[in-house]
Every structure is written in structure tokens, then in C-alpha cells.
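Have a look at the structure below before the remarks.
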Amino acid sequence: MRTTQPTTTPRMESPLAEASRVLPEPDYLGDVVISERVVAKIASQAVYETPRAGAAAPRMFGSVMPGAGHMGIRASDLAARPKTSAQIDSSVVYVDMAISVRWPESLADVTERIRDTVEDRIKAWTGLTVARVRISVTDLVA
Amino acid sequence: MTDAMVDGVDIDKLAAAAEDCPAVDALVEGPPAMAATYLPRRRVTGIRIEDDVVTIQVRLRWESTVGQLARQVWSAVRPLAGGHRVDIVVADITAPATGG
């Protein structure tokens, strides 16, 4: 009898436990899902608002195309939004962006400023925690 | 337009209530939730009622927070949702005003 006791007790409890789970919890209203596009746009805007940084030059096979501007392809532009992507893993965000920086600004200074703005704004607006903002500086614009 | 009742929920009233929230720019369809309700000869964008869950997919207004959005939508929509759980999907955000 003693060996069966521990197994029978949970079985007796389980129907009650299931029933209580079916009842609606009063303070649970539903889920909120945030799209990665929303986070990417918020991050991208932070760069746009910085006059010292902007959209990066177009890339081909992973590297910047030198002289792309002369071929009529969009060049690095300090007044444009950079290409940005975001990944959301439950409540944590990873942001990747490719930017251009105005010559001769300090890259460390500019990227730190952008990183702070991106982290603060995403946290404040979405409640998500930014785990990483990876910034590739692919061009310097004079 | 006749009243469209889906699972005891007046879907047009629900859509209007959600759309009136200040933080909501519009109800949107497409990814990620693909929320839409197909009715005879028309379609309601951004709302899906399935089992005991109402899913509302919206475009957030720039400078509104997701927290504000959720509070507004829940308080507006819950009385109309007939006891369904209300899930909110923030699919997009409006572009901020340029020139600033």
C-alpha cells in the first residue's frame, strides 16, 4: 500500500487541477505578439535621426561595391534609413544594421550613441529587451 | 451591411472599436498572424476568431508604445469579445513624420 500511495495521490488531484486551469484567470487578457518588422523600423529610425550616420552603400556578395554611386546605384546616404533586420526570441531582441558614418566622426562614438538610442527606444516602446545591436559600418561619407 | 456574428461576436463592432484606439493606426492583414475574417462577399481585415481566441492584428502608431496599445485595445474590445481571449499582434508601425 505504501508504494502505491504516492502514485494514487497525484491521480486524485489531477482532475481538480485540470478543472481549475480551464477557469479564466481574471488578470490574463491575452497575448501580445510584436513583429520583427516593428522592431527593425524603430531601430532604423534611430540612425536616421543621427545626422552623423545613415544608410549604407549597397553590397554585392557581402562586400561594399566601390564606386556604386557612379554607376547609378544608390550610394551611402546620411539622410536615408539604413537596412535593418531584427530577430525576436520570446522577449529578447537581436538587431543587425549596416550603416554609413560621416567622415571624420569617431566610429566608436557614433555607434555607441546609436546603440543606446536603439536599446532605450525598443525597451520603452515595446517592452522587449535588446540583447545585441550589431552595427556594421560599411562606408564613410565625406 | 448586415450584422456579421461570428461565434457570438459582432465582428464589425469589434473591428471599429479596435480601430478607434488612439495607438492603432489601422487593422492590417498579412504576416505574421495572417488575421482576416471571410464573410459572404466581404472580408474583415485584421481580425480572426478561432476557438476561444480573438486575434487582432494592427499597425501601431509611431510614438505610441505597445503597452498603451494593449491597454487601449483590451479595454475597448473586451466588452465586445464575448468572453474570448483577445490576442494582439503588432504587425507594423507607421513611418514617423519626416523633416523633424
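Same order as they appear, the protein sequences are chains A and B. With the numbering used here as the guide, the letters of the first sequence map in order to residues 36 to 177. With the numbering used here as the guide, the letters of the second sequence map in order to residues 770 to 869. The beta-carbon is built from N, C-alpha and C at its ideal position, and this holds for glycine as well.
Nearest residue (CA-CA) to residue i, options the options
| i | options | result |
| --- | --- | --- |
| B:Asp856 | B:Gly815, B:Asp776, B:Pro809 | B:Gly815 |
| B:Val827 | A:Ser70, A:Ala159, A:Glu147, A:Ala121 | A:Ser70 |
| B:Thr824 | B:Gln837, B:Arg811, B:Gly799 | B:Gly799 |
| A:Ser135 | A:Tyr63, A:Tyr83, A:Asp62 | A:Tyr83 |
| A:Val67 | A:Ile77, A:Leu113, A:Ser125 | A:Ser125 |
| A:Ala143 | A:Gln122, A:Gly65, A:Ser171 | A:Ser171 |
Cβ-based neighbour list, residue i, same chain, cut-off 7 Å, excluding 5 preceding and 5 following
| i | result |
| --- | --- |
| B:Val775 | Thr806, Ile818 |
| A:Ala166 | Val127, Val128, Tyr129 |
| A:Pro50 | Confidence at A:Pro50 is low in this model, with a pLDDT of 41, below 50, so the placement of that residue is unreliable and no value is reported for it. |
| B:Arg847 | Val855 |
| A:Ser120 | Ala75, Asp131 |
| A:Ser141 | none |
| A:Lys158 | Thr164, Val165 |
| B:Val822 | His853, Arg854, Asp856 |
| B:Ile862 | Arg828, Leu829, Trp831 |
Cβ pair residue i, residue j closer than 8 Å
| i | j | result |
| --- | --- | --- |
| A:Ala88 | A:Arg137 | yes |
| A:Ile149 | A:Ala81 | yes |
| B:Val858 | B:Pro801 | yes |
| B:Val835 | A:Trp160 | yes |
| B:Leu838 | A:Val73 | no |
| B:Val797 | B:Ala860 | yes |
| A:Ser79 | A:Val176 | no |
| B:Ala850 | B:Asp789 | no |
| A:Arg156 | A:Ile77 | yes |
Beta-carbon proximity list for residue i, same chain, < 6 Å, skipping 5 on both sides
| i | result |
| --- | --- |
| A:Lys118 | Ala133 |
| B:Pro865 | Trp831 |
| A:Ala115 | Gly89, Ala90 |
| B:Lys782 | Leu849 |
Close-in-space but distant-in-sequence residues of the same chain around residue i (CB under 8 Å, 5 per side omitted)
| i | result |
| --- | --- |
| B:Ile780 | Ala773, Met774, Thr806, Leu808, Val813, Ile816, Ile818 |
| A:Thr85 | Val145, Arg148, Ile149, Thr152 |
8 Å Cβ cutoff, residue i in contact with chain E
| i | result |
| --- | --- |
| A:Val73 | The structure shown contains no chain E; the protein chains it does contain are A and B. |
Identity of the residues DSSP links to residue i by a beta bridge
| i | result |
| --- | --- |
| B:Asp861 | B:Arg828 |
| A:Leu163 | A:Leu163 is not bridged to any residue. |
Original post:
Which whole runs of the beta strand (DSSP E) in the stretch 116 to 176 of chain A are 3 residues long or more, in chain order?
Top reply: List check, beta strand (DSSP E) in window: 118 to 124, 127 to 137, 164 to 176.
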